[in-house]
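Remarks on the structure that follows.
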Amino acid sequence: GLFCKTIQTSTPVTLTYDVGVVNATTATAGAAGSVKVTSDNDSSGITVRLQETAANAGIFRGVLQLKNTASTTTKTCLTTAGVCVAGVTTTADVIALYSTSTASGIHHSIGDLRVNAADTVVVTYVDGKTGATINRTYSIKVETTAPAFSNQTPANGTASTAVRPTVTGDITDSDSGIDTAQIIVVWGRDTDNDGDIDVASQDAVSAIDQTAITGGINIRQRFTSDLLSDQTVYWWIKSTDKAGNIGVSDREPVTSLGVANPCTAASFPATASLKDVVPATSVSVVGCQAYSISIDRTEPTLALAITGSWWDPTVTTVDKTVTDPTKAITTSVRIDFDAAIDPATIQNSDFLVGGVTPLSVVHYAARPQSVFVTVSALAPDARPAVIVVGAINDLAGNAIVIGGAGATIANATDGIAPTLTLTVGSGTRPVTKDKVNLSLSSNENSSTATVSITVNTIGASFLLSATTTATGIAGGPKVWTGENTQGSAGLYNVRAQATDLNNTTNVGKVGQGFGTLTYDSSKAASLFEVDKGLPAPAFLPVAGGTDDPNAVVSINFVNEGQEYGLITSDAALSLDPAVSKSTNFDTYKTVTVTKVTLDGVNITSQLSSVDNIRFLYKQTGGLTIGDHTLVVEATDVAGNTGAFTHTFKVTQRIPFEIPLVPGWNMVSFPGTPSTPGLDAVFGTTPVTTVMAYDPTTPALWRVATRTRNTSGAFNPFTGTLTTIDSKLAYWVLTETFQSISTLIPRIAGGAAAGATPIQPPTIAILKGWNLVPVIDVTGNLAAGAAVTGYFGSITKARVYHFDTLSGQWTVVAGDPLVGKSYWVFATASGTLVP
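All residue numbers for the sequence shown refer to our numbering, where the first residue is 180 and numbers rise by one.
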C-alpha cells in the first residue's frame, strides 16, 4: 500500500508500492503501480510511476514534492552533484523516509504537485497484487500551522532559591499532532546578570515527562545540573508537529502596549548561537520572548535612593518611572533594591526617610526592584538618609539584613533639578530699542560656570534662529544678571539653564528652545521685543485737502503696532508695516504725543484719544479756508522718537446742483442743506410748488407754494412744508430748465460738546408705497451718480420714477441715482440703510 502522512508545503513525501512479487521493471503509467495525484489547487493533477528500489525487490518508491509552482512530472535525482548516488543532501527528511536502502542509493523525484496551504492531496493507485485492477484512494492534508504553546510556568520574572528550576507548559496542534520525539526546552543562562546569555543548552523532553492533554502534550522539564550561583535563566519550549512545522514558545505575541510582536520560529537561532544574545533586545529572539527565572540566594540590599523620581500613570510606556530631574516631585523618593522585591512584605513602617516614616509607599510590578515613598515636601537640594527598619523580602524569599550596611543609604541622590526663574527686562514681554537686562534666579545653589542665558530670534514658521548669548553674566550661587543687545527689530525668545551643585546631571531649565528650536505660542515663554523706530502716522485731512471746514484733524499711529511679524506666506520676518502679515509679533501699539502745533499754534492740550494710537483735534468754529501745517512730535514705548510734518488745504465746498425740466420733477437731496429753509434752498429757481410725501403723518402730504409779486419777484413759500430734510423725497413744479443749487455739507461725525456721537441716517419704510430719497453718506457724489445696493436692506416689489420729459413712468431695475426720488412699493415694513 501507500505510505502517507500529513506534510508541510515544499516538503517531500515518499510514495511506496509493494507488489508482493518480484518485478524488475518500473511500473508503467496508467497500469498496475501507477499513481494519480491531485490537490484542491490542481484538480487535474499528475500521473506518475514509481521506481523499483532494487532488482527483484518488488518494492517501488518515489518522492513527491509539494510546491507552490506549476505541477510537473519531470523525474529529478535528489542529489547535489547531478547524479543519483548515495548521500542525498537536499533534505534530511527524504533520507529518513527510506526504510530500505539500495546498494546504489538511487532515489528519484517522480514529480511536483502544486498546492495551497490547507489543501487536501488525493493519491489514487492501481493495485495489481490480486491479479485484478483495483483503485484505492488515500488523502494527504497540507498543513502549515506550527504547534501552539500555553500555560507555561513558572510565571515570567519568578525568583527562586532552587538549584534546579523546573518548567512546565502545554503544547497543542489540532492538525497533524505533536511529534513527541522532537520536543526540547532551550535554556539561556545569564550568569553575571548583565542582560546577555552567557551559557546556552537544551534538553530533550523525555516521554516520562510528557502527559497527554486534549489536542496535545503537557511537558515538565527540570534543569539537569545544579545552579550554584545567582543568575537569570531564560527558557523556551521548541516543538515540531508531525507535518514538520516547528514552533517556539513566545511569552508576548502582542506587547502590553498593543503592538504585534510575533515569534518567527524559522529565524530562531540554534541553541549554540544563543551565547551573547540579549533576550530583551536582540533581533534574533526579541519576537520569541523568553520566560525568565531569577535564581537568587542572596539577601536584598539597597542600591539607590533618589529624591524627586515618581510614577506617572499617564505615560504610555510599561515602566512609568519619571527620572527627568526637571519634572521631579519634591514629595517623592524612589528607593531601588538590587533585586525584585516581594510587594507583600512592604509597608510604611519598613522605612525611615530623613528619620521620618513615609506618608505612603507603593510598589509597581512593572518596576519590581523599586518602591516609591511619599514624604513631606523636600528642599530642592535635600539628600535625606534612607534606612530599612522592617522585614522586607525579595521575590525569592531572601530577607534584607536589618541594621546591616545594605539596609542604609546615608545620603540619597539629589534627583531634583533647580527651579529657575528668568526675568527679562521689567515686564512679562518688555520692549526695548537696543539693550535688555536679564536676571536668573534658582531655588538652590548652582555653579556659575554652568549658567547660560541664550537669546533666539523668532523667525519664519516660528523657528528659533540667530542665537546670541547674554553677556556679562555675574552673580551666584542663586542669582545671576546679564544683558543682551539686538540690532534688528523683532520678537526674541530667551531660555536659560543652570546645573545643580549637588548633582551635575540635574540641569534646571527655563524657557523654550531646548531640543526643538521652535517657538510654541500656546506654552509659557520668556520673550522680549525690539522696536527700532517710530513709523510716521496717517493724517486726516489728507494731503489733497478737504472742502469741509468742520473736518476733524486726525493723527493716527496705526503702523506703530505693525512693525515686525511674519508675512502672509509665513516665509520670512517682515519689518515693513505695509506688508500683510499672517502673525503680528508687535504688541506695543501706543505712543505718547509730546507736542503738536497747527499753523504754529500749540494744540497738544486740545487733543483727545481713547487708545493713545489715534489722536483727534476739532477746532471751535471750524478750520479756515486755505493752507494748514501740522507738526507732530511723539515717542513710542521703546523710547524711539519722531517728528512729522503734514500739510493740507481747506477749500470752499461747491454747491450741489439738481437738474430740473419744466413740469413736475421727482427729486431728493443727498444731505440736509446748510440752510434748509425752502426760500434759501430754491432761491430764484422758478419752483412754485413743493410737495413731500410723509406716510408717518395723517395728512400724508406736506405742501408749500409761492407766487410772484407785481415786480416779478417770488414771494416767500407758504404751507405745511417749511424746510428741506434729506430723509424726505419731493415733487417740485418748475417753469424752466434752471437747476436747484444749494450748499450741502457732509454728514458730520463725532459729537458736539456734551453730546453723544450721531448715528448715520436711516429711513423708515412702511408696507405699501413710499416716496424714497437717495442719501449720499460719503458727501462726495454728484447728481446722477448711482448708489450701488441702495435698496438692499428692504423688501420691495416695484420701484418707479417719473420721466418728466417723456411724461411717463419707468420701472427702475438698477441702482437709484443721486438727486432723484423714487416710488417704492415695500412688501413689508422695514428700515432703509443708505
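The beta-carbon is built from N, C-alpha and C at its ideal position, and this holds for glycine as well.
Computed from a predicted model, the values in this text were never measured in an experiment.
For L245 and G356, the gap between their C-alpha atoms comes out near 20 Å. Of all C-beta pairs linking the stretch 825 to 838 to the stretch 624 to 636, fewer than three are shorter than 8 Å, placing the two stretches out of contact.
Annotation for L601: L619, V673, A675, V689, G690, S705 place their beta carbon closer than 7 Å to its own, counting only its chain and skipping 5 residues before and after. The C-alpha of T921 is placed about 11 Å away from the C-alpha of G850. Here DSSP, grouped into helix, strand and coil, assigns T450 to helix. Counting only runs of 3 or more residues that sit fully inside the stretch 372 to 454, the beta strand (DSSP E) segments are 378 to 383, 389 to 392, 395 to 401, 410 to 420, 425 to 427, in chain order. Annotated three-state conformation of D529 is helix, per DSSP. A Cβ-Cβ distance of about 23 Å is found for the pair R881 and T863, leaving them out of contact under the 8 Å criterion.
Taking 8 Å as the cut-off, the Cβ atoms of L436 and T495 count as close. DSSP lists I398 as the beta-bridge partner residues of G348. Runs of beta strand (DSSP E) with 3 or more residues, each lying fully within the stretch 821 to 874, are found at 835 to 837, 842 to 846, 866 to 872, listed in chain order.
Assignment of beta-bridge partners to A596 by DSSP yields no partner. Nearest neighbour of V634 by Cα position, chosen from T664, A451, N622, S733, turns out to be T664.
For S631, the enclosing beta strand (DSSP E) covers residues 631 to 637. In this structure, V951 sits away from A992, with a CB-CB distance that is not shorter than 8 Å. Residue pairing by DSSP places S920 opposite E836 in a beta bridge.
DSSP places V464 in no beta strand (DSSP E) but in the uninterrupted alpha helix (DSSP H) bounded by 462 to 465. Less than 8 Å separates the beta-carbon of A575 from that of T340.
Put simply, of G800, I474, L754, T500 the residue whose alpha carbon is nearest the alpha carbon of T486 is T500. In the displayed model, P756 falls within coil according to three-state DSSP, outside both helix and strand. For Q938, there is no enclosing beta strand (DSSP E), as DSSP marks it with neither H nor E.
Residue pairing by DSSP places Q676 opposite S631, K688 in a beta bridge. Your pair T814 and V770 checks out as a contact, with CB atoms roughly 7 Å apart and the cut at 8 Å. V770: member of the beta strand (DSSP E) spanning 770 to 777, first to last residue. Shortest Cα-Cα distance from G669 to any of L617, E742, G606, A591 involves E742.
Beta-bridge annotation (DSSP): F328 is paired with I350. When rounded, the separation of the alpha-carbon atoms in D904 and G986 is 27 Å.
The stretch 461 to 471 makes contact with the stretch 412 to 430; the number of CB pairs closer than 8 Å reaches 3 or more. Only exposed fits L984, as fewer than 16 other CB atoms lie within 10 angstroms of its CB. Residue state for G585 is assigned as helix, using DSSP reduced to three classes. Here the C-alpha atom of R513 lies approximately 25 Å from the C-alpha atom of R476.
By the CB criterion at 8 Å, G423 and T351 fall outside the cutoff.
DSSP, reduced to helix, strand and coil, places N735 within a strand of the structure shown. As a beta-bridge residue in DSSP terms, N616 pairs with E662. Shown here, A943 sits in a strand according to DSSP, grouped into three states. A Cβ-Cβ separation of about 3 Å places T480 in contact with G585 under the 8 Å criterion.
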